[in-house]
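Here is the structure we will look at.
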Amino acid sequence: MPPFDDALTSTLVQNSQEQAADLAASLSSAAETALQLAAGTPVPMAAGPPPIEPDVPGWLLSLAWDGPAILIALPQAAGVLSTPPEDQEPLANWTRRWQSAAQELGFGLFPDAPPDRADVEVAASLLQSLENYQIEAAAMMMPWTLTAGDQSVTAHVIWPATRRSPATADAAPTAASSPNIATPQAGAEHSSGAAVADEDEFAHLSPYTRSLLKIRVPVMVTLATKKERVADIVRIAPGSLLQFDKTCESLLTLEVRNKPVAIGEAVKVEDRFGLRVTSITLPPEKYLAVKSADQN
């Protein structure tokens with residue numbers, strides 16, 4: 403976990419400016435709109451809260467290590483950042499794309515020490531969702547101007563911030579409803595890769611069950627597999643060519659302990675390899691024969 407100091411601020415500002423095109427590409431993929439990003443000058447939060455209208459909905463991204471987080475508040479704006487009609491695409495699919503975008507932003511901003519968690523919240527009111535976080539007294543805020551054609555909206559990067567405990571969060575005002583955006587139910591979005599879902603999502607589970615969620619398991623991404631004769635295996639040497647049935651454009655399989663859990667496509671995050679999940683692999687169904695009364 404990098405310390406929240408002047409060095410982190412310098413890295414955040416520098417990468418926001420130098421990697422603006424890549425960051426905009428990640429946001430464009432989630433928003434399905436060609437966006438351009440221009441990072442502004444950071445200012446102390448003591449100068450005032452983000453200039454966001456009280457009832458403006460949007461997305462609140464959280465890039466967190468084992469401790470404080472960096473928040474990215476993205477207000478909804480027609481033509482720039484908006485949600486599709488429910489009859490065109492379920493909000494859950496839209497949210498999963500923003501989850502992937504949050505992870506890509508984490509790698510783009512901090513390639514040497516990416517966040518442990520990248521979460522996304524669909525907020526009916528961004529300002530009220532921000533009240534679920536304890537903003538440090540020395541917190542900073544940096545504007546990101548997102549432009550699509552002749553339309554633009556200002557996002558706000560805030561750091562450091564700490565998620566309030568559920569009891570404290572319950573005391574904060576509840577988010578107002580909005581006809582333009584729906585607040586997802588608990589468990590509607592999930593993390594993938596190195597990110598995990600907000601622990602509050604599992605607050606209803608027993609302590610033992612929650613402890614199981616902290617177990618690390620091997621995760622693999624597989625392009626193709628096939629069986630070969632042992633005689634062919636022992637002949638493998640530098641320069642050997644193995645041919646598979648899959649094409650280079652085929653989707654990849656995400657496996658956890660050799661069990662397929664998802665399918666996705668390869669993406670480049672800075673100079674690193676990533677996987678954008680496109681669908682979840684359902685477990686195989688098992689059928690049990692039901693005996694008739696005559697068989698008993």
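Counting from 1, position 190 in the sequence shown corresponds to residue 592 in our numbering; the numbering is continuous, with no gaps.
Glycine residues also receive a C-beta, built at the ideal position from the N, C-alpha and C atoms.
Problem - the segment 610-621 / the segment 656-665 touching (three or more Cβ pairs under 8 Å) - result: Segment contact: the segment 610-621 against the segment 656-665, three or more CB-CB distances shorter than 8 Å; contact assigned.
Exercise for the section: Please name the residue in Trp561, Gln419 and Arg566 whose C-alpha comes closest to that of Gly510. Expected result: Comparing Cα-Cα distances from Gly510 to each of Trp561, Gln419 and Arg566, the minimum goes to Gln419.
Handout entry: Proximity test, Cβ basis, 9 Å: Ile682 and chain B
Key = As a matter of chain content, chain B is missing from the structure shown, which is built from one protein chain.
Practice task
Between the Cα of Ser412 and those of Met543, Tyr610, Val669 and Thr683, spot the shortest distance and give me the residue it belongs to.
Solution key: If we check each option's Cα against that of Ser412, Met543 comes out closest.
Practice task
Would you tell me roughly how many angstroms separate the C-alpha atoms of Ala441 and Glu651, rounded to the nearest one?
Solution key: In this structure, the alpha-carbon of Ala441 lies about 34 Å from that of Glu651.
Practice task
Specify, as a first and last residue, the run of the beta strand (DSSP E) that Ala540 falls within.
Solution key: That run of the beta strand (DSSP E) goes Tyr535 to Ala550.
Exercise for the section: Name, in chain order, the residues that DSSP records as bridge partners for Leu476. Expected result: Leu476 pairs with Trp461.
Practice task
Tell me where the alpha helix (DSSP H) around Arg659 begins and ends.
Solution key: Note, Arg659: premise wrong, no alpha helix (DSSP H); not H, not E.
Problem - Span of the beta strand (DSSP E), counted from its first residue to its last, around Ala563 - result: Gln553 to Arg565 is the span of the beta strand (DSSP E), which, as asked, contains Ala563.
Exercise for the section: Tell me whether the beta-carbon of Ser464 lies closer than 9 Å to the beta-carbon of Ala540. Expected result: No, these two residues do not count as a Cβ contact at 9 Å.
Handout entry: Cβ-based neighbour list, Asp701, same chain, cut-off 8 Å, excluding 5 preceding and 5 following
Key = As displayed, the chain neither begins before 403 nor continues past 698, which places residue 701 out of reach and without an answer.
Handout entry: Residue burial classification, Gly508 (beta-carbon count within 10 angstroms, cutoff 16)
Key = So Gly508 counts as buried.
Handout entry: Cα-Cα separation, Ser531 to Glu630
Key = Between the alpha carbons of Ser531 and Glu630 lies a distance of about 55 Å.
Problem - Which of helix, strand or coil DSSP assigns to Pro609 - result: In the structure shown, Pro609 sits in a helix (DSSP, three-state: H, G or I).
Problem - Helix, strand or coil at Thr680 according to DSSP, with G and I counted as helix - result: Of the three classes helix, strand and coil, the one that applies to Thr680 here is strand, per DSSP.
Handout entry: Thr627 (DSSP reduced to helix, strand or coil)
Key = Coil.
Practice task
Assign Asp521 to one of three DSSP states: helix, strand, or coil.
Solution key: In this structure, Asp521 counts as strand in the three-state DSSP scheme.
Problem - Per-residue DSSP class, three states only, for Gly508 - result: Under the three-state reduction of DSSP output, Gly508 falls in the helix class.
Exercise for the section: For Gln421, collect the residues of the same chain with a Cβ closer than 7 Å to its Cβ; drop the 5 residues on either side in sequence, then sort them by chain order. Expected result: Cβ neighbours of Gln421 beyond the five flanking positions: Gly510.
Exercise for the section: Report the partner residues of Glu667 according to the DSSP bridge assignment. Expected result: In DSSP, Glu667 forms a bridge with Arg678.
Problem - Whole-angstrom distance between Leu483 and Val692, CA atom to CA atom - result: Cα-Cα distance, rounded: 52 Å.
Exercise for the section: Report yes if the CB atom of Asp407 is closer than 9 Å to the CB atom of Trp467, and no otherwise. Expected result: Result no, Cβ atoms of Asp407 and Trp467 do not sit closer than 9 Å.
Practice task
With DSSP as the reference, label Ala440 as helix, strand or coil.
Solution key: In this structure, Ala440 counts as strand in the three-state DSSP scheme.
Practice task
Would you check if there are 3 or more beta carbon pairs closer than 8 Å linking the segment 497-505 to the segment 442-456?
Solution key: They do not touch, by the three-pair rule.
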